[in-house]
Structure formats: structure tokens, C-alpha cells
Amino acid sequence: MMGLMASDETRTETRTKPRRSTPLGESPTRAPRAPGEAPEAAGTRPWTTWTTRLLLLGIVLAALNLRPAITSLGALLEEVRDGLGMSGSVAGLLTSVPPLCFAVFGVTAPRLARRFGPGAVVCAGMVAITAGLLIRPFAGGTAGFLAGTALALMGIAVSNVLMPVIVKRFFPDRVGSMTGLYSMALAFGTSIAAAATVPVTSALGGDWQPGLAVWAVLGAAAVLPWLPFVRQRTGPTTPRTASGASGDGAGEAGAAHADGPARQAAEQPPLRITRSRTAWALAVFFGLQATAAYITMGWMAQIFRDAGVSAGTAGLLLAVIMMMGVPLAFVIPRVATRLPHQGPIVVVLGVCGLAGYAGLYFAPAGGAWVWALLLGVSNCAFPLALTMVGMRARTGAGVAQLSAFAQSTGYLISIPGPLLVGVLYQHSGGWGLPIALMSALMVPQIVVGVLAGRDRTVEEEAAR
Numbered sequence: 004m005m006g007l008m009a010s011d012e013t014r015t016e017t018r019t020k021p022r023r024s025t026p027l028g029e030s031p032t033r034a035p036r037a038p039g040e041a042p043e044a045a046g047t048r049p050w051t052t053w054t055t056r057l058l059l060l061g062i063v064l065a066a067l068n069l070r071p072a073i074t075s076l077g078a079l080l081e082e083v084r085d086g087l088g089m090s091g092s093v094a095g096l097l098t099s100v101p102p103l104c105f106a107v108f109g110v111t112a113p114r115l116a117r118r119f120g121p122g123a124v125v126c127a128g129m130v131a132i133t134a135g136l137l138i139r140p141f142a143g144g145t146a147g148f149l150a151g152t153a154l155a156l157m158g159i160a161v162s163n164v165l166m167p168v169i170v171k172r173f174f175p176d177r178v179g180s181m182t183g184l185y186s187m188a189l190a191f192g193t194s195i196a197a198a199a200t201v202p203v204t205s206a207l208g209g210d211w212q213p214g215l216a217v218w219a220v221l222g223a224a225a226v227l228p229w230l231p232f233v234r235q236r237t238g239p240t241t242p243r244t245a246s247g248a249s250g251d252g253a254g255e256a257g258a259a260h261a262d263g264p265a266r267q268a269a270e271q272p273p274l275r276i277t278r279s280r281t282a283w284a285l286a287v288f289f290g291l292q293a294t295a296a297y298i299t300m301g302w303m304a305q306i307f308r309d310a311g312v313s314a315g316t317a318g319l320l321l322a323v324i325m326m327m328g329v330p331l332a333f334v335i336p337r338v339a340t341r342l343p344h345q346g347p348i349v350v351v352l353g354v355c356g357l358a359g360y361a362g363l364y365f366a367p368a369g370g371a372w373v374w375a376l377l378l379g380v381s382n383c384a385f386p387l388a389l390t391m392v393g394m395r396a397r398t399g400a401g402v403a404q405l406s407a408f409a410q411s412t413g414y415l416i417s418i419p420g421p422l423l424v425g426v427l428y429q430h431s432g433g434w435g436l437p438i439a440l441m442s443a444l445m446v447p448q449i450v451v452g453v454l455a456g457r458d459r460t461v462e463e464e465a466a467r
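In my numbering, the protein residues as written are 4 to 467.
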């Protein structure tokens, strides 16, 4: 059963009556400790309805901040290039910075979370996002712009990795619902930044610098709800069920005790994650969908603008692509957790992507809104990948390792994509070759996604 340790299962058998998992938002009741069980970890305090709701707010606000640093830049890329004197190749390098930072800094997230707690790391991540967004427009020159961008992306990187971990740890019986919630918030923040950046820039006088810096306000708002969780190491205490049934039917086991994550980390050695074929398949799937996502966020508005679409409309088209993730990011995780194999969802998303790229190649302006809708559906491979991270590991420690491995390896894989698109665009003088590249990458994405969607766990494979 996912989310329970063997020792927990043994103790559960001694209970005479099953207990219902605490519904989300209610004050949890402390289950009696078994003989010899460690007391509640130091530095924690009892959870209340207010605490749970505050954490929900923090998760939503953090998710809203995980993409505006990227999509706001995509909407103003032409103005930034002109203002800083960038070539197409340098702009391609700029669009490759996000996956590079996510790969480099994301791998440090589990270690930082073990030392300081996930709440403290996410809070620091929100501070870094705010500072980076304030610094980069006014740093002066391309190097300063890249440094400010890297600071913001550092905060995004650690938060990216820790979101599945926080959901698994603090809401172990609501993995499907919570993954859908923060994926939906992430998609909403992505689309709002894409749609609003150009109008906001115009309202602020037409200068791209304040148009980019204004998104730091959203980052500052996300810092506040995480402050009470800086010293919080464990989740709310919820009684275990005898059957381990999930509260939302998502296929997850019942909630563990408040000291479960600490005991689990102490009792289980790190997985040999590289021995798992599923981990590798999920990492490659994550990397290929990230390649498509960052090419879209960095270049799609420019593709539409070069096809004759106005800057404002191009920003709206990019927003449509991202906005499709708002409803689908909530639906897809819930559907995925109810299926034994997520391969069919992978195939549907991939076919939509191939159709969207084909339309973009043959009639970029004529059917722009249709292509945006299709590519928006395809872009929802991201919440599916996050959901599979939670499903392909049984324990919180396993999810932390798999999340760090899949995301860091995946983002390394995605680094060349946006840069290569910029190089192909500059040397070919058009978007035919870049679009052909995007279409070609969709085929292996479907293949490895089907492999990653098989019903197995990395713990089983790593032990072989």
C-alpha cells in the first residue's frame, strides 16, 4: 500500500475498529501512540482548521508564482531583445536558463528540506522569486538580467521539487485532489502572466522594465502564508484506517501519524533510484514535456507575432495555451489516480500536440485559436507527470527522491530545446524547422510516457 511503512501496517492490524480519515479542512484528532512510538517531533505544534487552510493558501500562492517569471518574459521577449541588444542565439540561451536552473538547483531541494523543513525552503524560494523579479529588469545589461532571472528561477526550482513532497507529507490521503489544486493554480498563474504582461506594460507607460518587475508583487504575497510553517516539519495528525483506503478515492493510503515522515526517513535508506526503469522513463517524459513547455513559453508568442498577429493578441494566444491547464490540471490528476495505467492519457495529450504543431506549420495565423487550444491540451502533460511522481513511489521519502531525480534529470534533458529553436530560427530565417523539431520530439514523449504510466513503484524496481 502506498504511503504506509511496514511497521505502520503491523500496528494497524492491532486496531479493533477502522477509523475514518480526517476530511480536509477539519481539525485532526491525535491518534494514540503505539508502545515505543516516538513522541511528536520537536519544533511542531498542533494543527487546526486555520493551520490547514493557511497551508492551502500557501500552496496556491506558491503555485501561482512558479511560471510568471518565464511567461511574462516570453510576452515581452522582442522588447527585451531590443532593449538589451540580444541576438536570436542569446535570446535562445535566455529561454534555456529556466530548465538549466531547475536542474541545477532542484536537485538540492530534498537535502535542504531535510535540514530546514519543506516549509522553510518554500518560503525562502518565494523570497528569491520576489528579489529576482525586482532585480532583473533594472540590473543593467544582459549579464545582470540573466543573474536576476537565475535568482528567481532558483526559488522556483526548489519549490517545483518540493510541491509533490509537501502534498504527500501534509495531505497523504488527498494526493489527487491537492496535485490538481496546485497544478491548476500553476496553470492560472502562467496564463495570467502571459495575457496581462503586455496590457500592464502599456498601462505603466510602455516600458518593458516595470512591466516585468510588477510580478514581484505576487511573489511577495506568497511569502506571508509560509512564514508560520518555517519551523513546521510534519503534517497534521490523522488517524490511520485499517484498510488504508484513500479519502478521495485517489488510490493513496490512509494518512500517517505526524511523526511518520521523520520515522520513515530515519528507518529507510535512500533508494538506488537510478536502478529503476520507471524512474528513468518518468525523467525522460518529464524532460520532453518540459522541452515543449519552455519552447512554448519562450517562443510561441513570437511565432504568432511573426505570422502577422499583433503583440497583444499573441500574448492572449499564449495565455489560452496556458489557461487550458486551469481546468485540465485539476481533472487530469484525479482521472490519472483512478487508472491503473496512465498511458492512454499520455497518448491523447501527445496526439493533440502533434495536431497543434501541424496546424501551426501550415496556417499559423488562420487557425491560431484552434492551434492554441490543441497545444494547451498537450501542455497538460506537466500535471500528469507530477501526478505520476506521487503514484510511482510508495513512501514520502521515495516521492522526494523520485521528484528530485525526475525533475532534475528532466530539466537537464530540456535545456538544449529552447536554445536549438533560437539557433534554427536565426539561421533558417523562419519557423518551419523549429516547428518540425517540436513535432518530432512529441513522438518519443508519447513512448516514454506510456512506459512511465505502468502500474509499478520505484521501490520495487530499485530493490531488484
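Even for Gly, the Cβ is constructed at its ideal location relative to N, Cα and C.
Remark: C-beta atoms of Tyr414 and Ala106 approach each other more closely than 8 Å. The stretch 302-310 makes no contact with the stretch 379-396; the number of CB pairs closer than 8 Å stays below 3.
In the structure shown, Ile449 falls within a helical segment according to DSSP collapsed to helix, strand and coil. Contact between the stretch 66-85 and the stretch 313-330 is established, with three or more Cβ pairs separated by less than 8 Å. Counting the other CB atoms within 10 Å of its CB gives Phe288 a total of 16 or more, which places it among the buried residues. The beta carbon of Ala131 sits closer than 6 Å to those of Leu154, Met157, Gly158, all from its chain and outside the five residues before and after it, given in chain order.
For Glu81 and Gly420, the gap between their C-alpha atoms comes out near 19 Å. The alpha carbon of Asp309 has as its nearest neighbour, out of Leu285, Ala371, Thr412, the alpha carbon of Ala371. Nearest to Val349 by C-alpha distance, out of Ser180, Met326, Ala375, Gln292, is Gln292. Looking at Phe333, Phe408, Val110, Ala219, the one whose alpha-carbon comes closest to that of Ser279 is Phe408.
Of the residues Ala455, Ala190, Val170, the one whose Cα lies closest to the Cα of Ala400 is Val170. Distance between Val451 and Ala284, taken at the CA atoms: about 5 Å. Taking 4 residues as the minimum length, the alpha helix (DSSP H) runs contained wholly in the stretch 77-142 are 80-87, 91-109, 112-119, 121-138, in order along the chain. Secondary structure note for Ala224: its alpha helix (DSSP H) is the uninterrupted segment 219-226. By the neighbour-count definition (other C-beta atoms within 10 Å, threshold 16), Ala443 is an exposed residue. Per DSSP, Val312 lies in no alpha helix (DSSP H) and is assigned neither H nor E.
For Cys355, the uninterrupted alpha helix (DSSP H) segment begins and ends at 346-365. Secondary structure at Ala368: coil, using DSSP grouped into helix, strand and coil. In this structure, the beta-carbon distance from Gln235 to Gly120 falls below 8 Å. Proximity of the stretch 175-195 to the stretch 59-73 meets the contact definition, three or more beta-carbon pairs being nearer than 8 Å.
The beta carbon of Pro386 sits closer than 6 Å to the beta carbons of Ser186, Ala332, Ile335, Pro336 from its chain, once the five residues preceding and following it are set aside; these are given in chain order.
Boundaries of the alpha helix (DSSP H) around Arg172: 144-173. In this structure Asp176 is buried. Its beta-carbon is surrounded by 16 or more other beta-carbon atoms within 10 angstroms. One thing to note: Met327 has its Cβ no nearer than 8 Å to the Cβ of Val402. The Cβ atoms of Gly318 and Ala198 sit closer than 8 Å to each other. Just so you know, the alpha carbons of Pro213 and Val100 end up roughly 21 Å apart.
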